[in-house]
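Q:
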Ligand SMILES: Nc1ncnc2c1ncn2[C@@H]1O[C@H](COP(=O)(O)OP(=O)(O)OP(=O)(O)O)[C@@H](O)[C@H]1O
Ligand SMILES: [Mg+2]
């Protein structure tokens, strides 16, 4: 059983710890046991999207591990060139390099009809690798799953609607980061 001690971050659903025996991996554990299907869904999402988004997402291990905090999902832990854990996007000064990374990520989503709904800033990490700032989307559980209240979930049936909802959220993300979302830039 893995003993998790060093917490890196906490979201609404999970906590993320440094893997105790591999410093380049992290273990995500659930805050509430009932959310267990999240892991399976996220791994499925990852397997499907990785060919399109390989440069922008982290690697996931297929098998869950047993930890002192319940079952955990193991994934890549992003570290910078100096070995420190990479920082969230909002801890960086947003420059053209990061903006370009975001534009290319969004281009891939729109080009391949990959619909995500959760673009909160905590899901974006900037890794400094070989001196370059690389944008990473570290939470893919919202793929094709819009959690906000919607009576008929029509976006699961009509891809045009899914696109509209996603673009609305992307606009919000761009605004939070201080720039305009324009289809010509992606
Ligand atoms: N691979 C990683 N590298 C660095 N930090 C990470 C990584 N994965 C997660 N984190 C940190 O842990 C936090 C929680 O992880 P994650 O987004 O998976 O949790 P969540 O509860 O599923 O998120 P949400 O609140 O979006 O539903 C992140 O916001 C981030 O600070
Ligand atoms: Mg998250």
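Residue numbers (my numbering): 1372 to 1557.
Yeah, the Cβ is synthetic: ideal placement off N, Cα and C, and Gly gets one too.
Note that the coordinates shown come from a computational prediction; the quantities given were computed from them, not determined experimentally.
Report the rounded CA-to-CA distance for residue 1539 versus residue 1372, giving the unit in angstroms.
A: Roughly 43 Å separates the two Cα atoms.
Q: Starting from the N-terminal side, write out each stretch of the alpha helix (DSSP H) that is 4 residues or longer and does not extend beyond the segment 1442-1528.
A: Taking only runs of at least 4 residues, the alpha helix (DSSP H) segments lying wholly in the segment 1442-1528 are 1467-1482.
Q: Determine, using beta-carbon pairs with one atom in the segment 1412-1431 and one in the segment 1385-1394, whether at least three such pairs fall under 8 Å.
A: Cβ pair count under 8 Å is below three, so no.
Q: Since I believe residue 1400 is in contact with residue 1455 (beta carbons under 8 Å), could you give me their beta-carbon distance rounded to a whole number of angstroms?
A: Not a contact, Cβ separation roughly 22 Å.
Q: Among 1512, 1545, 1549, which residue has its Cα nearest to the Cα of residue 1417?
A: Selected option, being the one with the closest Cα: 1512.
Q: Go ahead and label residue 1502 buried or exposed: buried means 16 or more other beta carbons lie within 10 angstroms of its beta carbon, across all protein chains shown.
A: Label assigned to residue 1502: exposed.
Q: Can you tell me whether DSSP reads residue 1384 as helix, strand or coil?
A: Of the three classes helix, strand and coil, the one that applies to residue 1384 here is coil, per DSSP.
Q: Quick check: the Cα distance between residue 1558 and residue 1398, rounded to an integer number of angstroms?
A: Nothing about residue 1558 can be reported from this structure: the residues present for the chain run from 1372 to 1557 only.
Q: In angstroms, rounded to a whole number, what distance separates the CA positions of residue 1459 and residue 1534?
A: Rounded to whole angstroms, residue 1459 to residue 1534 spans 26 Å at the Cα level.
Q: If you run the structure through DSSP and keep just helix, strand and coil, what is residue 1394?
A: It is coil, neither helix nor strand.
Q: Which residues, in chain order, sit with a beta-carbon under 6 Å away from any heavy atom of ligand 2?
A: In chain order, the hits are 1382, 1493, 1494, 1510.
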